[in-house]
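Heads up: the sequence lines are chains L and G, in that order. In short: position in the first sequence from 1, add 57, done, that's our numbering. In short: position in the second sequence from 1, add 57, done, that's our numbering. Virtual Cβ for every residue (Gly too), placed ideally from N, Cα, C. Keep in mind it's a predicted model, so treat the numbers as computed, not measured. Here's the structure we're looking at; comments come further down.
Protein chains: 2
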Amino acid sequence: MKRIDWNRLDPAARSAVLQRPVQAVSETVRTGVQAIFEAVAARGDDALRAYTAQFDGVELAALEVDADEFARAERLVPAEVQAAIREAAARIEAFHRAGMASSYQLDTAPGLTCQRVQRPIQRVGLYVPAGSAPLPSTALMLCVPARLAGCPEIILCTPPRADGSADPAVLLAARQAPGVRVFKLGGAQAIAAMALGTASVPRCDKLFGPGNAWVDEAKRQAAQRLGGPAIDMPAGPSEVLVIADSGANPAFVAADLLSQAEHGPDSQVLLLTDSEALLQAVAEHVEAQLERLPRAEIARRALASSRLVLVEDIKQAVEISNAYAPEHLILAVRQPHAWLPQVTRAGSVFLGDWTPEALGDYCSGSNHVLPTGGAARAWSGLSVASFQTAITVQEASRDGLRVAGPCAAVLAHAEGLQAHARAIELRLEQPA
Amino acid sequence: MKRIDWNRLDPAARSAVLQRPVQAVSETVRTGVQAIFEAVAARGDDALRAYTAQFDGVELAALEVDADEFARAERLVPAEVQAAIREAAARIEAFHRAGMASSYQLDTAPGLTCQRVQRPIQRVGLYVPAGSAPLPSTALMLCVPARLAGCPEIILCTPPRADGSADPAVLLAARQAPGVRVFKLGGAQAIAAMALGTASVPRCDKLFGPGNAWVDEAKRQAAQRLGGPAIDMPAGPSEVLVIADSGANPAFVAADLLSQAEHGPDSQVLLLTDSEALLQAVAEHVEAQLERLPRAEIARRALASSRLVLVEDIKQAVEISNAYAPEHLILAVRQPHAWLPQVTRAGSVFLGDWTPEALGDYCSGSNHVLPTGGAARAWSGLSVASFQTAITVQEASRDGLRVAGPCAAVLAHAEGLQAHARAIELRLEQPA
């Protein structure tokens, strides 16, 4: 890992440290995704089957997981994992439920009531990647809030395995949304199917979930279409930024950096510390712990573009973090609560020495689908609200219109919109 | 206006009735916007000045509105309009403030606390179109929630007038966000400036506001860029769908249809009613009221693609409305509260005979920046939350990690992510 002394860098070098490595969608991916959208639009399920044969190496008779396959999953997944899925789901549900928006109403004038009500998005499309490993935890993070939101149709796509089956742990996690329909589709073709609809796969109103560069580009192209679905957020490589002071445990910090680095060679890992001793100790622990990791090769490649940064003090570290806008921010400092109010941009924050990011990845209760690539400056992680729309409602009585109507009519005339003014004046002129 | 009996249509014809006329971005607009982004990226303010000369016909020395121009605006805007702006702002503020999300926290296990906190988006870019008329009301709808969210930097672009000044009413409305910086820029070049940043115009984290096809396409292209800003929602022509029963006042309904139709020739207007007599009466009132409208020509063109639709009953009308997902829905029926729970997709709803859409456009308190073109199936109108991000936070004590950690470790192993498991196990193994 590269070591950097922040205060010896000029502004250009500082900005280079905070750059994400991927700065552009490759032309291969962009045109490849376009071709997939065109094929799925033109040939529907036939195109999906062809891509699945090409990319996943399996010929599927039925794209959708049936009741037998769900039943088989319950026999295949070890009891310990099933229990962990239930335990995680319960905690995710508790935290997400507590944060659900309530409807509210307010009289903004005598005889004029405004309210806001929540509605589930009618048909949501969830994507659960498999990549290097199947991710039942992602199925939980998508299905639990979709169920809490009350979405009547929940569609989930996940890549098939070599034998044509879906990962059984993903299926069990998906069942946290009891009516879920699961399709064995991966990559850009899964996103295209849910965005456009085919004979098998329903067209969805909003698409959710992380994925690789192809999935991310497919979500962007889906959202770019006129009348296309909404997307939850741009997806990109996972990231952690750790701020640690001299009191932090270097073995813990190293373990947290490595748990991020093992995600993939493009994972982003940054440590900011005001302690040179801690920085040195973390570097040593990283090397030592790497020895024992099965995914050491992936982690080493991620660490090659990662940084250990010496800063002036924790205040400066928080400022740098805000400029970077990390997906995950670990505050391994003595007074994490004192610093939290200064954090303006981050996906999810982990306080103190005993809250590894891995806890939030699985079962603290917070959602692990979070903004990456600096998107935390304007996007938030998933919540129940991501699966709902809010509708505003207003109702004036005749008296209420007498109070508030003239203001609207004045503004309508000022904007040259006489028909707007007339819709109010006509009512005000109406004989009792 | 075309009259249609819904129950005599086959499914294809029904679906045609609910189609929006604009189905694709024109190639001229798409490539034109691309060229504008390239020019602004390459030449910054020089490109902005050149486009402003070309499209708005004015040569601007300074793009930004200065203190003198703000002061002049106060002298130019009639007192009655200034009072209406203040009255509308107060009602918008009251309703938006009441709906602000609170931070919350929950212990999801003994010794494990999760919370969600709100943060203002640091730099927001607002667009206020002028088009056929300046829209101070739109400045209110953007600036009031941006201020309530606490956004530290608020940038607003609005096209210059022929004399190089900004519309004074727009400036007064913008001052509802006291620190706002206003730039005299319109169209796609304004969006490109806020998305990319130039020497004059700061690069923004999220872009807001309605606009024409060029502005809409520019927002889509901005959002499509890797690392680009978020956008509030796709923008499209304004729409109203009125559901009226036999007890509705046909003059009121006609006035509401016309107030939508005057927005532009591409405005969408639909009436659904179960009363043939009401349908006939509305058609007559539309013709009669058109005579007296200054913008009759625009309204006539919009009405040419609009529909008066006879339905079986109000239940069917609500189902059709849900399929259409209108921006504005007026329930001019005798029991609007009984029908509201059935409404699943709409931007904003107006209940009863005395709540014209124009009231919500200006001063009921709800936001008039709403999803159009069917986007209400997945997007909501603006609220304070649109100007904020939500950050989740978790903190485990050592005991808390003992309770929740093993569940995370089991799932990490199941996903083949050993470094994730190690980050937990290492802490659990730590001698006390």
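Excluding the 5 residues preceding and the 5 following residue i in the sequence, name in chain order all residues of the same chain whose CB lies nearer than 7 Å to its CB.
i, result
"residue 445(G)", "175, 176, 177, 178 and 206"
"residue 470(L)", "478"
"residue 209(G)", "177 and 179"
"residue 105(G)", "97, 120, 242, 246, 250 and 255"
"residue 419(G)", "145 and 194"
"residue 295(L)", "317, 320, 324, 384 and 429"
"residue 139(L)", "229"
"residue 454(G)", "168"
"residue 482(L)", "466"
"residue 432(L)", "290 and 291"
In terms of residues, what are the limits of the alpha helix (DSSP H) holding residue i?
i, result
"residue 316(L)", "307-318"
"residue 346(L)", "333-347"
"residue 72(G)", "68-74"
"residue 92(G)", "84-108"
"residue 480(L)", "475-486"
"residue 275(L)", "270-281"
"residue 390(G)", "From DSSP, residue 390(G) is part of no alpha helix (DSSP H); its letter is neither H nor E."
"residue 201(G)", "193-206"
"residue 115(L)", "From DSSP, residue 115(L) is part of no alpha helix (DSSP H); its letter is neither H nor E."
"residue 359(L)", "353-361"
"residue 460(G)", "455-471"
"residue 415(L)", "414-419"
Name the one or two DSSP bridge partners that residue i has.
i, result
"residue 173(G)", "161(G) and 449(G)"
"residue 385(L)", "297(L) and 405(L)"
"residue 287(L)", "263(L)"
"residue 121(L)", "240(L)"
"residue 212(G)", "182(G) and 238(G)"
Specify, as a first and last residue, the run of the beta strand (DSSP E) that residue i falls within.
i, result
"residue 61(G)", "59-62"
"residue 330(G)", "325-330"
"residue 364(G)", "364-367"
Say whether chain G places a C-beta atom closer than 8 Å to the C-beta of residue i.
i, result
"residue 436(L)", "yes"
"residue 263(L)", "yes"
"residue 214(L)", "no"
"residue 217(L)", "no"
"residue 420(L)", "yes"
"residue 481(L)", "yes"
"residue 452(L)", "yes"
"residue 200(L)", "no"
"residue 460(L)", "no"
"residue 449(L)", "yes"
"residue 281(L)", "yes"
"residue 127(L)", "no"
"residue 381(L)", "no"
"residue 340(L)", "no"
"residue 108(L)", "no"
Chain C beta carbons: is any one of them nearer than 8 Å to that of residue i?
i, result
"residue 323(L)", "This model lacks chain C altogether, as its protein chains are L and G."
Here's a check: name, in chain order, each residue in its chain whose Cβ is nearer than 6 Å to the Cβ of residue i, leaving out the five neighbours to either side.
i, result
"residue 434(L)", "382 and 402"
"residue 224(G)", "191"
Would you please verify whether the beta carbon of residue i is less than 8 Å from any beta carbon of chain L?
i, result
"residue 472(G)", "yes"
"residue 409(G)", "yes"
"residue 424(G)", "yes"
"residue 255(G)", "no"
"residue 330(G)", "no"
"residue 179(G)", "yes"
"residue 406(G)", "yes"
"residue 185(G)", "no"
"residue 475(G)", "yes"
"residue 319(G)", "yes"
Please go through the same chain and pick out, in chain order, the residues whose beta-carbon is closer than 8 Å to the beta-carbon of residue i, but skip the five residues on each side of it.
i, result
"residue 270(L)", "79, 82, 83 and 86"
"residue 338(L)", "307"
"residue 172(G)", "160, 161, 162, 163, 449, 450 and 451"
Open item on the list: My parser needs the beta strand (DSSP E) runs of 3 or more residues fully inside the region 131-169 of chain G; what are they?
Closed with: Segments of the beta strand (DSSP E) lying fully in the region 131-169 of chain G: 161-166.
Task: Length-filtered (3 minimum) beta strand (DSSP E) runs lying within the region 214-248 of chain L - done: Counting only runs of 3 or more residues that sit fully inside the region 214-248 of chain L, the beta strand (DSSP E) segments are 238-241, in chain order.
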